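Report on one structure; see the data block that follows.
Structure, rendered in structure tokens:
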């Protein structure tokens, strides 16, 4: 079983829509969780950490569900500039980070 | 503030040639990582260095070697390149043990013919 699994999409949504992605992880002892975005032919960039209590940064909300072992990312009022691939990352223990294969989002005018 | 700097950005090798990818970070991070990214596979860890003086294998270490030269620099060496090593390589760094996530360099696009 993969450490981290994501629906690859693609998700095609109109501007202004709300879209949500989920990501499941296999190691119940995992402690740290993150969302990254990656633009085409660019490096991944840290979008936000995911805390147990959930966290919000502007239009972006990340949540953790330990019982079901998934994290989610909600994007409200989608902008054209949100078009990218969103990577879910889990750090079980130690120094290794496990990346999902990413979910592709295209925001349509 | 440069963050993580990787060189070169592009490289074409012939099978059997060797090369070293360089990576340096100026964020005073303890941990550094080398990943490769292939279509449909996501990012896979090749090697990492938890701190200066230590290195450990990741998920796909075969065919690669690394050197943690000092706290700032972490290099990746391909001794005898193979077509299967055609990929995009990313160096990353983090404070340590999952704190604050990782910060990535711009990547090296490597083709092995």
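Protein chains in written order, with our numbering: chain A, 1 to 109; chain X, 110 to 222.
Where is the CB? At the ideal position from N, CA and C, for every residue including glycine.
Computed from a predicted structure; not experimentally measured.
Query	Result
Span separating the alpha-carbon of residue 174(X) from that of residue 35(A)	29 Å
Residues from the region 8-25 of chain A in contact with chain X, defined by Cβ distance under 8 Å	none
Residue 180(X) and residue 161(X) closer than 8 Å at C-beta	yes
Identity of the residue in 159(X), 220(X), 126(X), 204(X) nearest residue 138(X) by Cα	204(X)
Residue 4(A) versus 103(A), 108(A), 107(A), residue with shortest Cα-Cα distance	103(A)
Pairwise C-alpha distance: residue 123(X) and residue 191(X)	8 Å
Interface positions of the region 62-80 of chain A facing chain X (Cβ-Cβ less than 9 Å), listed along the chain	none
Where residue 223(X) sits in the DSSP three-state scheme	For residue 223(X) there is no data in the structure shown, the boundaries of chain X being 110 and 222.
For residue 159(X) and residue 116(X), the rounded distance between their alpha carbons	21 Å
Assigned exposure category for residue 29(A) - 16 Cβ within 10 Å defines buried	exposed
DSSP state of residue 222(X) mapped onto helix, strand, coil	coil
Contacts of residue 152(X) in chain A (Cβ-Cβ under 8 Å)	44, 87, 99
Distance CB(residue 185(X))-CB(residue 130(X)) smaller than 8 Å	yes
Closer than 8 Å to chain A by CB, residue 119(X)	no
Whole-angstrom C-beta distance between residue 43(A) and residue 125(X), which should lie under 8 Å	The pair is not a contact, with the Cβ atoms about 29 Å apart (cut-off 8 Å).
For residue 30(A), three-class secondary structure by DSSP	coil
CB-CB length for residue 47(A) against residue 60(A), believed under 8 Å	7 Å
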